[in-house]
Amino acid sequence: MGNKSSSVQQPLDSFSHWNDLPPELKSACIKHLDFKTRLLLRSTSRAERALVDSQKFNLEHVQIKGLLPYPVNALIPTGFDGQKLTIVPSSDAKTAIVIRIRNLTRFFETVLPLLVFILTRSVINEFSVEGVVLKNPELLFFVSRLGPITKSIYMDGNTCNKFPIEDLINNDIVTNARMVRIRDLTCKDAVWKLAEKWIENDSVIGTTFQVTSVHGHSIPHFVQKFRDRIIFENHEEVRITTNNPSKHILLKLARRWRVSRPLTCVVISSYMKKEEYESFGHWVSKKVMPIWEYLSFVFTDDFHEDDGLNCYSFIILIFHCLWLIITLNKTLKVNKFIIFLEAFSEQIPEVNKKDDAASDDRNTLLE
Amino acid sequence: MAPKKNSAKRPQPSTPKPSAPARIVKVQSSDGHILQADVRALLLSSTLAATIKGYDDENKPLEKLEVNNVVGFTLKLVLEWCEKHKEDDPAIAQAEKDKKNIFIPSWDRHFLTKLPMGNLFDLITAAYHLDITGLINYGCKTVANSAKGKSTEEMRELFGIPEPWEQPSTSTATWDD
């Protein structure tokens, strides 16, 4: 009905362009863009870049991961010249964008600006850095740029003594995250220090810290620190009170492996019963098993089903490593190769030292 | 896009009200074209609704509404859209305003995607001036959908964004600052 009273022709001079739209409408259009299109529109002009940058957007998961799979990357840690950046904009995994970085030039020219854009303009639900040796200030560079809404942060300590755990624990984004997981952490005091922050901040129930380490001193240190708060204690579990009567903190040995001690520390309800937290160790799988666990089979003959791996796992790992050595790109540093070989010639303690030395030259990477 | 999934979440339009006799008014575009429209359709525009309310409050006879910032061709499209949606609950459009993922019904999708990009820009600009939330939502979503999968160059061409050397700024930097 209606508009039939006159025949209206399209005027020749009414053809609008994007640049004719009011900024509010442009922003309304950008709001509906997916991550990739947003990124491409951003590079069309300065005005569009400013408009895109004026809006926050959500990303489900951002992961910086060494090109080598875990746990091989614990022996051959990669820097920024051998990693892949995975961006999952939504819960649909098909939308994932994977960028492989094989040299530093590409990292600095393409990936670093992209990372800065992502970290400053997006709200990231899950952030993870794995298999890349990042030290202060590199790791803090990423973590400090995460928004306060970030729920999960996954990091890799790589048994590196210079992992900036102290700075991370003092960072509000880390202490407020619902889930923090650090793999292969050497620091013995990280658990109680983070728990202390949780008590101070009255963190919500469910706040979790998962950590794998190569020593078993975390529980005794935790007990010693919170001696006056202890409700229950044995060699695998410690439950303490917090300042809030409705909340307790539970530290639980998630699994007893040969050398490593994966732990779960979680804020629980004070009404929670022991049976309810039996499942808290289920996050521990072969995927988080440190290389030392594999290597421990070199020095022993007895394998138990309970170990979660057997001699075949070790043989598979050896073949996997050999395949990686053959297929590794030309940028593989010779010193990393030597580190790898030395580890197999029973000089495991040396690895950490060389590890640190090899990555010293990356200290100023982001400065 | 997953229309079926989203459609389940989308608030359903309220049941159509018993049809009152249509009240037709004339609407004049900026280039002098006179069109006719049902008042219920015009009420989707907050701007026109305020004008109509002003007439009704003063008991003045409403003979012709002047829309000075929209040309006839675009106004015809606006009125066609409003006519189709005159039974809709305005709360739906308001609820969708801040959502990123909105579902565009098939009639609207067909109506908006058949338009050349220039006309679509004209249409959403008109919707913006007339403050028609639903049309702005669907129009902007259609623009965003049309850009999906395009390269930077294709996007420049589609949207008529000038090349960097044609832009006022002398810098062509996009990443590095």
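Taken in sequence, the protein lines are chains A and B.
Residue numbering for the first sequence follows our numbering, beginning at 1 and increasing consecutively.
Residue numbering for the second sequence follows our numbering, beginning at 1001 and increasing consecutively.
Think of the CB as a built atom: it goes at the ideal place given N, C-alpha and C, for glycine as much as any other residue.
Do D184 (chain A) and T207 (chain A) have their C-beta atoms closer together than 8 Å?
Sequence index remark: in the first sequence, residue 184 (chain A) carries index 184 (1-based). Sequence index remark: in the first sequence, residue 207 (chain A) carries index 207 (1-based). It is not a contact, given that the beta carbons lie outside the stated cut-off.
With 16 as the cutoff for other CB atoms within 10 Å, does W18 (chain A) come out buried or exposed?
Here residue 18 (chain A) corresponds to residue number 18 of the first sequence, with the count starting at 1. Its Cβ being crowded by 16 or more others within 10 Å, W18 (chain A) is buried.
Against chain A, with Cβ distances strictly below 8 Å, would R1156 (chain B) count as a contact?
One-based indexing of the second sequence puts residue 1156 (chain B) at position 156. Yes - at least one Cβ of chain A is within 8 Å of the one on R1156 (chain B).
At the level of alpha carbons, what is the spacing between T120 (chain A) and V204 (chain A)?
Working through the first sequence from its first residue, we reach residue 120 (chain A) at position 120. Working through the first sequence from its first residue, we reach residue 204 (chain A) at position 204. Their Cα atoms are separated by approximately 26 Å.
Within 8 Å, do at least three Cβ pairs link the stretch 173 to 188 of chain A to the stretch 228 to 236 of chain A?
no
With DSSP collapsed to three states, give me the class of R178 (chain A).
Here the question's residue 178 (chain A) lines up with position 178 in the first sequence. Coil.
CB contact flag (W198 (chain A), V267 (chain A), <8 Å):
The residue labelled residue 198 (chain A) in the question sits at position 198 within the first sequence. The residue labelled residue 267 (chain A) in the question sits at position 267 within the first sequence. Yes.
Cβ-based burial, A1050 (chain B) [other Cβ within 10 Å; buried from 16]
In the second sequence, counting from the first residue as 1, residue 1050 (chain B) sits at position 50. The residue in question, A1050 (chain B), is exposed, as its Cβ has fewer than 16 Cβ neighbours within 10 Å.
Kindly list the residues whose CB is nearer than 6 Å to the CB of F163 (chain A), restricted to its own chain and excluding five residues on each side of it in sequence; keep chain order.
Position 163 of the first sequence, counted from the start, is the residue given in the question as residue 163 (chain A). Excluding positions up to five away in sequence, the list reads G157.
Is it true that the CB of T1125 (chain B) sits closer than 8 Å to the CB of K1097 (chain B)?
Residue 1097 (chain B) sits at position 97 when you count from the first residue of the second sequence. Residue 1125 (chain B) sits at position 125 when you count from the first residue of the second sequence. No; because the gap between Cβ atoms is not below 8 Å, this pair is not in contact.
Taking C-alpha atoms, which residue in A:D202, A:L41, A:L146 lies nearest to V116 (chain A)?
Stepping through the first sequence from its first residue, residue 116 (chain A) is reached at position 116. Nearest of A:D202, A:L41, A:L146 to V116 (chain A), Cα basis: A:L146.
Given that a residue counts as buried once 16 or more other Cβ atoms are within 10 Å of its Cβ, and exposed if not, what is R100 (chain A)?
Your numbering for residue 100 (chain A) matches position 100 in the first sequence. Exposed, by the Cβ-count rule.
In the DSSP output, which residue or residues are listed as bridge partners for E1066 (chain B)?
In the second sequence, residue 1066 (chain B) corresponds to position 66, counting from 1. Answer by DSSP bridge pairing, in chain order: B:Q1028.
So, do the stretch 23 to 43 of chain A and the stretch 80 to 97 of chain A have three or more beta carbon pairs nearer to each other than 8 Å?
yes
Would you say S1030 (chain B) lies against chain A (beta-carbon separation less than 8 Å)?
On the second sequence, position 30 is the one that residue 1030 (chain B) refers to. Not an interface residue.
Counting Cβ pairs, one atom from each stretch, are 3 or more of them under 8 Å apart for the stretch 21 to 30 of chain A and the stretch 46 to 59 of chain A?
yes
Taking a Cβ distance cut-off of 8 Å, strictly less, list which residues of the stretch 15 to 32 of chain A are near chain B, in chain order.
F15, S16, H17, W18, N19, D20, L21, P22, E24, L25, A28, C29, I30, K31, H32
For A254 (chain A), count the other beta carbons within 10 Å of its own beta carbon; 16 or more makes it buried, fewer makes it exposed. Which is it?
Along the first sequence, one-based indexing puts residue 254 (chain A) at 254. That one is buried.
Do the CB positions of L1079 (chain B) and A1127 (chain B) come within less than 8 Å of each other?
Counting from 1 along the second sequence, the entry for residue 1079 (chain B) is found at position 79. Counting from 1 along the second sequence, the entry for residue 1127 (chain B) is found at position 127. No.
Excluding the 5 residues preceding and the 5 following D189 (chain A) in the sequence, name in chain order all residues of the same chain whose CB lies nearer than 7 Å to its CB.
Position 189 of the first sequence, counting from 1, holds the residue named residue 189 (chain A). The residues are H221.
Is S1046 (chain B) close to chain A? Criterion is C-beta to C-beta, closer than 8 Å.
Looking up residue 1046 (chain B) in the second sequence gives position 46. Not one chain A Cβ lies under 8 Å of S1046 (chain B).
In or out: D92 (chain A) buried (at least 16 other Cβ within 10 Å) or exposed?
One-based indexing of the first sequence puts residue 92 (chain A) at position 92. The residue is exposed, with fewer than 16 neighbouring Cβ atoms inside 10 Å.
For the stretch 1103 to 1113 of chain B against the stretch 1057 to 1064 of chain B, are there 3 or more C-beta pairs whose distance is under 8 Å?
no
Taking only the alpha-carbon atoms, compute the straight-line gap between E278 (chain A) and G82 (chain A) and give it to the nearest angstrom.
Locating residue 278 (chain A) in the first sequence gives position 278, counting from the first residue. Locating residue 82 (chain A) in the first sequence gives position 82, counting from the first residue. C-alpha separation (whole angstroms): 39 Å.
D202 (chain A) versus Y271 (chain A) - alpha carbon distance
The residue labelled residue 202 (chain A) in the question sits at position 202 within the first sequence. The residue labelled residue 271 (chain A) in the question sits at position 271 within the first sequence. Cα to Cα, the separation comes out at about 17 Å.
Short Cβ contact (8 Å threshold) for I169 (chain A) with L139 (chain A)
Counting from one through the first sequence, the residue named residue 169 (chain A) turns up at place 169. Counting from one through the first sequence, the residue named residue 139 (chain A) turns up at place 139. Against a cut-off of 8 Å, the Cβ pair of L139 (chain A) and I169 (chain A) comes out as no contact.
Close beta carbons around F35 (chain A), own chain, < 6 Å, minus the five adjacent residues each side:
On the first sequence, residue 35 (chain A) is found 35 positions in, with the first residue counted as 1. Excluding positions up to five away in sequence, the list reads P89.
Assess contact between the stretch 1144 to 1162 of chain B and the stretch 1084 to 1095 of chain B, defined as three or more Cβ pairs (one per stretch) separated by less than 8 Å. Is contact present?
no
Going along chain A in order, which residues have a C-beta closer than 9 Å to the C-beta of D1108 (chain B)?
Residue numbering aside, residue 1108 (chain B) sits at position 108 when the second sequence is read from its first letter. Ordered by position in chain A, no residue passes the 9 Å Cβ test against D1108 (chain B), which lies about 14 Å from the chain.
6 Å CB neighbourhood of K252 (chain A) in its chain, flanking five on each side removed
Here residue 252 (chain A) refers to the residue found at position 252 when the first sequence is read from its first residue. If we look at K252 (chain A) and ignore the five residues flanking it on each side, its Cβ neighbours are E237, T264, F280.
Going by CA-CA distance only, name the one from A:R261, A:I153, A:S218 that's closest to D172 (chain A).
If you number the first sequence from 1, residue 172 (chain A) lands on position 172. Comparing Cα positions, the closest option is A:I153.
Own chain, CB closer than 7 Å to V174 (chain A), minus 5 neighbours either side, in chain order
Locating residue 174 (chain A) in the first sequence gives position 174, counting from the first residue. For V174 (chain A), where only same-chain residues beyond five positions count, the Cβ hits under 7 Å are V143, I153, L168, V180.
In chain order, what are the residue ranges of uninterrupted alpha helix (DSSP H) at least 4 long that sit wholly in the stretch 1044 to 1097 of chain B?
1046 to 1057, 1072 to 1084, 1090 to 1096
Which word fits H248 (chain A), buried or exposed, when buried means at least 16 other C-beta atoms lie within 10 angstroms of its C-beta?
Residue 248 (chain A) sits at position 248 when you count from the first residue of the first sequence. With 16 or more Cβ atoms within 10 Å of its Cβ, H248 (chain A) is classed as buried.
To the nearest angstrom, how far is it from the Cα of H1129 (chain B) to the Cα of E276 (chain A)?
Here the question's residue 1129 (chain B) lines up with position 129 in the second sequence. Here the question's residue 276 (chain A) lines up with position 276 in the first sequence. Taking the straight line joining both Cα atoms gives about 58 Å.
Mapping DSSP to helix, strand and coil, what is G281 (chain A)?
Stepping through the first sequence from its first residue, residue 281 (chain A) is reached at position 281. The answer is helix: DSSP assigns G281 (chain A) an H, G or I state.
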